[in-house]
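Asker: Sharing a structure, written as structure tokens. Questions coming.
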Amino acid sequence: MKSILLTFLGFFLLASNSAYADEDAIRQSFKKSLPTLKIDSVKVSEADGLYEVAAGSNILYVSADGKYLIDGHLIDIATKKDLTEAKADASRKAKLASYSEDNMIIFKPENSKYKVTVFTDIDCGYCRKLHSEIDQYMAEGIAIRYMFYPRAGKGSESYNKAISVWCADDRKAALTAAKKGAVPETKTCDTPIDEHMQMANDFKVRGTPMIVSENGKVYPGYVPAKKLAQALAN
Numbered sequence: 001m002k003s004i005l006l007t008f009l010g011f012f013l014l015a016s017n018s019a020y021a022d023e024d025a026i027r028q029s030f031k032k033s034l035p036t037l038k039i040d041s042v043k044v045s046e047a048d049g050l051y052e053v054a055a056g057s058n059i060l061y062v063s064a065d066g067k068y069l070i071d072g073h074l075i076d077i078a079t080k081k082d083l084t085e086a087k088a089d090a091s092r093k094a095k096l097a098s099y100s101e102d103n104m105i106i107f108k109p110e111n112s113k114y115k116v117t118v119f120t121d122i123d124c125g126y127c128r129k130l131h132s133e134i135d136q137y138m139a140e141g142i143a144i145r146y147m148f149y150p151r152a153g154k155g156s157e158s159y160n161k162a163i164s165v166w167c168a169d170d171r172k173a174a175l176t177a178a179k180k181g182a183v184p185e186t187k188t189c190d191t192p193i194d195e196h197m198q199m200a201n202d203f204k205v206r207g208t209p210m211i212v213s214e215n216g217k218v219y220p221g222y223v224p225a226k227k228l229a230q231a232l233a234n
């Protein structure tokens, strides 16, 4: 009996050491090839032979030796469940839940049923369309929490407009005016806009507007108020 236990323990330690060795190889590979990528965790994935690498809401799959990378979604064929998206949703949900609403511009109805975060660009056409219908979102009980994502990047005209809006005495009024085409009065102050842009990059924002629900689910692009309310209800 004792020898059986020792043999079992030996296999367990061998497997554990192998797992740590694989994780170390993967981290070293990423450190060498993608040094700017901040890895949160490395663990065995649901698929045999692949490791899951979490970097914010980015979920990647890597071979055990760290030589091969798959940037895609892992689907459970039997259940037809997107395992990757579910984990990315959870990561976005946690990150948004921990971020202070003091660092957002919020339009809130009297009776809120839902809350979404919208990454917006002041000069984006569909962003302006969404904001022009803000009363419709309020009527559906949807609170809109704006974060800035000037697509032209830091230092661009849209970025500078975002700074001026944030630094205005009345941010909501300044944002509404800017969305209508008015050029905001130039102002400077400490802003969270760089944090917004970093989070947008972590969330793989490719265009604006990008809507994120409280559960971390992404609705890319403009979504009419009634359609968004139906999606959130489901």
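Here the sequence shown is numbered in this note's numbering, starting from 1 and rising by one per residue.
Positions of the beta carbon are idealized from the N, C-alpha and C atoms, including for glycine.
Here the structure is a predicted model, which is why all the values come from computation and not from measurement.
Can you check which of these residues, G49, F30, A55, is closest to I39 by C-alpha distance?
Answerer: Locating residue 39 in the sequence shown gives position 39, counting from the first residue. Ranking G49, F30, A55 by Cα distance to I39 puts A55 first.
Asker: Tell me the DSSP secondary structure of T36 in three-state form.
Answerer: Your numbering for residue 36 matches position 36 in the sequence shown. Of the three classes helix, strand and coil, the one that applies to T36 here is coil, per DSSP.
Asker: Considering I144, what are the terminal residues of the beta strand (DSSP E) in which it resides?
Answerer: Counting from one through the sequence shown, the residue named residue 144 turns up at place 144. Start and end: 142-148.
Asker: Can you give the Cα-Cα distance for A178 and G66, rounded to whole angstroms?
Answerer: On the sequence shown, position 178 is the one that residue 178 refers to. On the sequence shown, position 66 is the one that residue 66 refers to. Roughly 48 Å between the two C-alpha positions.
Asker: Within the continuous alpha helix (DSSP H) that includes E85, where are the two ends?
Answerer: Numbered from 1 along the sequence shown, position 85 holds the residue referred to as residue 85. That run of the alpha helix (DSSP H) goes 83-97.
Asker: Would you call the CB atoms of A64 and E140 closer than 8 Å?
Answerer: Here residue 64 corresponds to residue number 64 of the sequence shown, with the count starting at 1. Here residue 140 corresponds to residue number 140 of the sequence shown, with the count starting at 1. The answer is no: Cβ separation not under 8 Å.
Asker: Select from L69, Y68, T84 the residue whose C-alpha is nearest the C-alpha of I75.
Answerer: Looking up residue 75 in the sequence shown gives position 75. For I75, the nearest C-alpha among the options comes from T84.
Asker: For K161, does the three-state DSSP call read helix, strand or coil?
Answerer: Walking along the sequence shown from the start, residue 161 turns up at place 161. DSSP places K161 in helix when its eight states are reduced to three.
Asker: Note the first and the last residue of the continuous alpha helix (DSSP H) segment covering S132.
Answerer: Residue 132 sits at position 132 when you count from the first residue of the sequence shown. First-last of the alpha helix (DSSP H) with S132: 125-132.
Asker: Is K115 helix, strand or coil by DSSP?
Answerer: Translated into positions along the sequence shown, residue 115 becomes position 115. In the structure shown, K115 sits in a strand (DSSP, three-state: E or B).
Asker: If you measure from the CB of A139, is any heavy atom of the ligand FMN nearer than 7 Å?
Answerer: Within the structure as shown, the ligand FMN is missing, as the structure has no ligands at all.
Asker: Under a three-way DSSP split, which group does E185 fall into?
Answerer: On the sequence shown, residue 185 is found 185 positions in, with the first residue counted as 1. It is coil, neither helix nor strand.
Asker: Where does the unbroken beta strand (DSSP E) through E52 begin, and where does it stop?
Answerer: Within the sequence shown, the letter at position 52 stands for residue 52. Its beta strand (DSSP E) spans residues 50-55.
Asker: Considering just the uninterrupted stretch of the alpha helix (DSSP H) at A43, what are its terminal residues?
Answerer: Your numbering for residue 43 matches position 43 in the sequence shown. It should be pointed out that residue 43 corresponds to Lys in this sequence rather than to Ala. Here K43 belongs to no alpha helix (DSSP H); instead the beta strand (DSSP E) covers 41-44.
Asker: At the level of alpha carbons, what is the spacing between Y159 and N111?
Answerer: As a first step, residue 159 is located in the sequence shown; it is residue number 159 there, counting from the start. As a first step, residue 111 is located in the sequence shown; it is residue number 111 there, counting from the start. If I take the Cα positions, the gap works out to 32 Å.
Asker: If we ignore side chains and look at the alpha-carbon of each, how far apart do E46 and L69 end up?
Answerer: Translated into the one-based positions of the sequence shown, residue 46 becomes position 46. Translated into the one-based positions of the sequence shown, residue 69 becomes position 69. Each residue's Cα considered, the two are about 16 Å apart.
Asker: Figure out for me which residue from L50, H131, L96 has the closest Cα to the Cα of G216.
Answerer: For the purposes of this step, residue 216 is identified with residue 216 of the sequence shown, where counting begins at 1. The option with the nearest alpha carbon to G216 is L96.
Asker: Assign R145 to one of two classes, buried (16 or more other C-beta atoms within 10 Å of its C-beta) or exposed (fewer than that).
Answerer: The count along the sequence shown starts at 1 and reaches residue 145 at position 145. With 16 or more other Cβ atoms within 10 Å, it is buried.
Asker: Output the distance between the C-alpha atoms of S33 and N58, rounded to the nearest integer angstrom.
Answerer: Position 33 of the sequence shown, counted from the first residue, corresponds to residue 33. Position 58 of the sequence shown, counted from the first residue, corresponds to residue 58. Computed Cα separation, rounded: 17 Å.
Asker: According to DSSP, what are the bridge partners of M236?
Answerer: Since the first and last residues shown for the chain are 1 and 234, residue 236 lies out of range.
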